[in-house]
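**Q** In the numbering used here, the protein residues as written are 358 to 823. From the three backbone atoms N, C-alpha and C, an ideal C-beta is built for every residue, glycine too.
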Ligand SMILES: Nc1ncnc2c1ncn2[C@@H]1O[C@H](COP(=O)(O)OP(=O)(O)OP(=O)(O)O)[C@@H](O)[C@H]1O
Ligand SMILES: [Mg+2]
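Have a look at this one:
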């Protein structure tokens, strides 16, 4: 089933790109698969056309030989693959947009006189410089090969990428995905759940929306259908895994299951995991979070991918229940815990009531299940505990504050820790009377909303999609 193509969000990115085009600067757009690069480039293309400008749009995946480039530039083909590139870059009055340009470069590397990717890159660079000297319009290129980009910008490709402004495309906000779901006629409550489950990735959001509409099931059911055997996302992730080495796949499963410190991975792998971790980091599949010089932790930033990993039955690692998968990787709470884990230096913010709050790098962040209580997140720092109550559906009322106080007391008693801070997090804000607000201040309880979460996210530099 094909969905309507509603466009949401990305105002900031669009205006940045248009600004670069105005300045005739070249731009390299990069970001994870499915994050919306192609959609963004198409939007920019439409805007430029609407303004009456000349644009050449090339989909790198559709260019299978130099012949295709000759056709696009409408020049007479030659036997020299360099000409196919040169003719394109000689179109000075066109803004050139190339989606998935890495694929284009790899194709060209197979044709004479190029011998390898490096030859192609060198030649393209000289052509781009020439174009710039002649006052040519911008070149906008995109890639999802994050590892490639990272290596390329550091190693011998560096000279080429110096010609480009880099623009990272991160996850969308909860609000944007919510809006997308609403536009497709999804009910409010379910739209919120879709926003929560897709963690800012529009590709996952669309898949869930499709499934919900087609089968009339809940978003959560829909997501499990998508990641179970032969579901759309199962096929997608299986293909992704096939491109990895066995060690890398194993490491992903370990990290997904909470063995996320270097020594824990090393212990299971029976060899040095460094090169594999490096590659996984390069591909953007794993994120390294450095706490101190000696201590770092690895996380899988893509929570849907993590849920799929957990749903795979690995003989040596066992099978995990749906409930456990949901709570550990997909819930809003899991994202908040991930955010708290990503703090590497003291973060100072003002809470929803204007009180100041300091969040330190925690030694550990986890959820706690007691006999008769559940704590969404506890952050440990030496012998002190930060207790969090996390609320997602709608505005939080005073009963949540009472819950938090009770949880903190129980935790202090059961674990013998001093409680440093009690923090309530409610994504969509609060519904509190003035008297209640006063009481909260007296008790030193801190309140956060989506706004403060975004502020923390910005300070950590880790993008989780708040
Ligand atoms: N701004 C947006 N508004 C609405 N839907 C979007 C938006 N951006 C992306 N999508 C949807 O998300 C899906 C993935 O987007 P897109 O193909 O642009 O991602 P991509 O980054 O180019 O992925 P890939 O690396 O796989 O090429 C598409 O179905 C698209 O319709
Ligand atoms: Mg794309």
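Tell me the rounded alpha-carbon separation between residue 517 and residue 751.
**A** On the chain shown, position 160 is the one that residue 517 refers to. On the chain shown, position 394 is the one that residue 751 refers to. Answer to the nearest angstrom: the Cα atoms are 49 Å apart.
**Q** Any idea what DSSP makes of residue 622, helix, strand or coil?
**A** Sequence index remark: in the chain shown, residue 622 carries index 265 (1-based). Correct three-state label for residue 622: helix.
**Q** On the DSSP bridge assignment, give the partners of residue 384 in chain order.
**A** The residue labelled residue 384 in the question sits at position 27 within the chain shown. In DSSP, residue 384 forms a bridge with 497 and 522.
**Q** Is it the case that the CB of residue 450 approaches a heavy atom of ligand 2 more closely than 7 Å?
**A** As a working mapping, residue 450 is identified with position 93 in the chain shown. The answer is no for residue 450.
**Q** From what residue to what residue does the alpha helix (DSSP H) around residue 376 run?
**A** Residue 376 sits at position 19 when you count from the first residue of the chain shown. From DSSP, the alpha helix (DSSP H) with residue 376 extends over 368 to 379.
**Q** Residue 783 and residue 757 look like a contact to me (Cβ under 8 Å); what is the Cβ gap, rounded to whole Å?
**A** Working through the chain shown from its first residue, we reach residue 783 at position 426. Working through the chain shown from its first residue, we reach residue 757 at position 400. Between residue 757 and residue 783 the Cβ distance is about 7 Å, and since that is below 8 Å, they are a contact.
**Q** Flag residue 498 as yes when its Cβ comes closer than 7 Å to any non-hydrogen atom of ligand 1, and as no otherwise.
**A** As a position in the chain shown, residue 498 is number 141, starting the count at 1. No, the Cβ of residue 498 stays beyond 7 Å of every heavy atom of ligand 1.
**Q** Please confirm whether any heavy atom of ligand 1 lies closer than 7 Å to the CB of residue 366.
**A** The residue you call residue 366 lines up with position 9 of the chain shown. Checking every heavy atom of ligand 1 against the Cβ of residue 366, one is found closer than 7 Å.
**Q** For the alpha helix (DSSP H) containing residue 807, name the first residue and the last one.
**A** For the purposes of this step, residue 807 is taken as residue 450 along the chain shown, with counting starting at 1. First-last of the alpha helix (DSSP H) with residue 807: 807 to 817.
**Q** Please go through the same chain and pick out, in chain order, the residues whose beta-carbon is closer than 8 Å to the beta-carbon of residue 539, but skip the five residues on each side of it.
**A** Stepping through the chain shown from its first residue, residue 539 is reached at position 182. For residue 539, the CB contacts under 8 Å within the same chain, skipping 5 residues up- and downstream, are 545 and 548 in chain order.
**Q** What separation, rounded to the nearest whole angstrom, lies between the Cα atoms of residue 480 and residue 490?
**A** Along the chain shown, read from residue 1 onward, the residue named residue 480 stands at position 123. Along the chain shown, read from residue 1 onward, the residue named residue 490 stands at position 133. Computed Cα separation, rounded: 16 Å.
**Q** At what residues does the beta strand (DSSP E) containing residue 415 begin and finish?
**A** In the chain shown, residue 415 corresponds to position 58, counting from 1. Taken as a continuous stretch (DSSP letters only), the beta strand (DSSP E) holding residue 415 covers 412 to 416.
**Q** Am I right that residue 613 and residue 666 are in contact with their C-beta atoms under 8 Å? What's the rounded C-beta distance?
**A** Numbered from 1 along the chain shown, position 256 holds the residue referred to as residue 613. Numbered from 1 along the chain shown, position 309 holds the residue referred to as residue 666. Correct: roughly 4 Å between the Cβ atoms.
**Q** Could you give the DSSP three-state label for residue 313: helix, strand or coil?
**A** Coverage of the chain is limited to positions 358 through 823, which leaves residue 313 absent and any answer about it impossible.
**Q** So does the stretch 444 to 462 actually touch the stretch 411 to 419, counting three or more Cβ pairs closer than 8 Å?
**A** Under the three-pair Cβ rule at 8 Å, the stretch 444 to 462 counts as touching the stretch 411 to 419.
**Q** Would residue 645 and residue 655 be called neighbours here (beta carbons separated by less than 8 Å)?
**A** Taking the first residue of the chain shown as 1, we reach residue 645 at position 288. Taking the first residue of the chain shown as 1, we reach residue 655 at position 298. Yes.
**Q** Determine the contact status of residue 524 and residue 386, defining contact as a CB-CB distance below 8 Å.
**A** Taking the chain shown and counting its residues from 1, one reaches residue 524 at position 167. Taking the chain shown and counting its residues from 1, one reaches residue 386 at position 29. Yes, the Cβ-Cβ distance between residue 524 and residue 386 is below 8 Å.
**Q** Alpha carbon to alpha carbon, how far is residue 632 from residue 358? Give it in angstroms, no decimals.
**A** For the purposes of this step, residue 358 is taken as the residue at position 1 of the chain shown. For the purposes of this step, residue 632 is taken as the residue at position 275 of the chain shown. With a pLDDT of 44 at residue 358, under the threshold of 50, the predicted position of this residue should be treated as unreliable, and no value is reported.
**Q** Quick one: does the C-beta of residue 441 sit closer than 7 Å to a heavy atom of ligand 1?
**A** As a working note, residue 441 is residue 84 in the chain shown. Incorrect: residue 441 has no Cβ contact closer than 7 Å to ligand 1.
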